[in-house]
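In UniProt numbering, the protein residues as written are 1 to 291. Have a look at the structure below, then the notes.
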Amino acid sequence: MNQELHVFVTVVEKANFSHAAHALHITQPAVSRYIKNLESSMNAKLLERSNKMVQMTKAGEIVYHYAKEILNLYGKMNVLVTDLMSEPSGMLNIGASYTYGEYILPHIIASIRTDFPKITPSIVIGNTREIVQQVRARDIDVGIIEGMITDEHVVMERFLMDSLVVVVSAEHELAGKESVSFSDLDEEVWIVREQGSGTREVTEQMFADHKLIPETIMEFGSTQIIKESVEAGLGISFLSTSAIRKELELERLKVLNIPGFPIQRPFTLVTQDTEFRTKAMDVFFKAIKAT
1 MNQELHVFVT VVEKANFSHA AHALHITQPA VSRYIKNLES SMNAKLLERS NKMVQMTKAG
61 EIVYHYAKEI LNLYGKMNVL VTDLMSEPSG MLNIGASYTY GEYILPHIIA SIRTDFPKIT
121 PSIVIGNTRE IVQQVRARDI DVGIIEGMIT DEHVVMERFL MDSLVVVVSA EHELAGKESV
181 SFSDLDEEVW IVREQGSGTR EVTEQMFADH KLIPETIMEF GSTQIIKESV EAGLGISFLS
241 TSAIRKELEL ERLKVLNIPG FPIQRPFTLV TQDTEFRTKA MDVFFKAIKA T
């Protein structure tokens, strides 16, 4: 059945029996037999062929959806069994939101690679919603997001606190003030992250908590662009201290001294709802929790 599902998925994705046969390194009659056997076991027609193209029937769409998941789980089962008998190694697919992924994660990966060179990380950077969706879809093994969101299909665990501050250019008129109130910020241009970002979520919560309604908001999709824009004097922003270490050391940005700041938020580990993990994942979990 596993081979039949593999052949079926390949035919669907290649949209052609001969192309699927070439990709699978088997003959086209063999492909036809696998599909016929699968249709017989399902007691349903799964594919329609016309003008050398292949299209799924409604039953075929159902089988394709679950076949992808079954094959993915089968592959993970093999990886886990093999991994049990060996040292930490293999692919580790990690997704992280921008702040953690761009400013903290690289140092952790470098440390892991020093001690466990057979572990091969693959990193995807996205906003909080995107990372959770990819964990749900099993496209990545583990995700790290900013803050917390509700999703019953994944497991979430807070593991590290992050500090956020209001920053301005070193040349900004507020940069030299000993203390700044929110009334000083009413007319400032605020540069914020896009919707779906964990930093955007905590920024809006900060606005609400302090009854701040900015007259002008500029929305950018990258923390790096926001930092460059603030440094250039385009506006001010609310950013993680993890993301601005170099700029503070070089005195290109200044943190405003506002009562009640910095504001804390958690970084959260997002995993699939399973009791089994590879040794590579165990190594990764131990490393991030030690930071």
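Heads up, the beta-carbon is just placed ideally off N, CA and C, and yes, glycines get one too. As the structure is a prediction and not an experimental result, all values here were calculated from the model.
- Going by beta carbons, residue 272 and residue 154 fall inside the 9 Å limit.
- Residue 175 sits in coil when the DSSP states are folded into three classes, being neither helix nor strand.
- Rounded to the nearest whole angstrom, the CA to CA distance from residue 90 to residue 96 is 19 Å.
- The Cβ atoms of residue 270 and residue 124 do not sit closer than 9 Å to each other.
- Secondary structure at residue 149: coil, using DSSP grouped into helix, strand and coil.
- Residue 162 is bridged by DSSP to 265.
- Leaving aside the five residues that flank residue 21 on each side, the residues in its chain whose CB is nearer than 8 Å to its CB run, in chain order, 27, 28, 30 and 31.
- Closest by C-alpha distance to residue 254, out of 64, 23 and 232, is 232.
- Contact check for residue 57 against residue 71 fails: the beta carbons are separated by 9 Å or more.
- Residue burial is scored here from C-beta neighbours: residue 162 has at least 16 other C-beta atoms within 10 angstroms and is therefore classed as buried.
- A direct Cα-Cα distance of roughly 40 Å separates residue 39 from residue 156.
- Taken in chain order, the complete beta strand (DSSP E) segments of 3 residues or longer contained in the segment 204-272 are 216-219, 237-240, 253-255 and 263-272.
- With contacts defined as CB atoms closer than 9 Å, residue 221 and residue 265 fail to qualify as a contacting pair.
- From the listed residues 5, 174, 282 and 100, the smallest Cα separation to residue 36 is found for 5.
- With contacts defined as CB atoms closer than 9 Å, residue 149 and residue 135 fail to qualify as a contacting pair.
- If you check the CB distance, residue 242 and residue 99 come in under 9 Å.
- The segment 21-83 is shown to contain whole beta strand (DSSP E) runs of 3 or more residues at 47-50 and 53-56, in chain order.
- In the structure shown, residue 2 falls within a helical segment according to DSSP collapsed to helix, strand and coil.
- At a Cβ-Cβ threshold of 9 Å, residue 245 and residue 103 count as neighbours.
- Per DSSP, residue 95 is one residue of the beta strand (DSSP E) stretching across 90-96.
- Within the DSSP secondary-structure output, residue 156 pairs in a beta bridge with 270.
- Across the structure, residue 9 and residue 61 are spaced so that their CA atoms are roughly 10 Å apart.
- Here the alpha carbons of residue 166 and residue 112 stand approximately 33 Å from one another.
- When secondary structure is reduced to three states using DSSP, residue 86 falls in the coil class, being assigned neither helix nor strand.
- For the pair residue 108 and residue 267, the CB atoms are not nearer than the 9 Å cut-off.
- Here residue 226 has 191, 220 and 237 as same chain residues with Cβ atoms under 6 Å from its own Cβ, once five neighbours each way along the sequence are excluded.
- Bridge partners of residue 117 according to DSSP: none are assigned.
- Take the alpha-carbon of residue 223 and the one of residue 159: they are about 22 Å apart.
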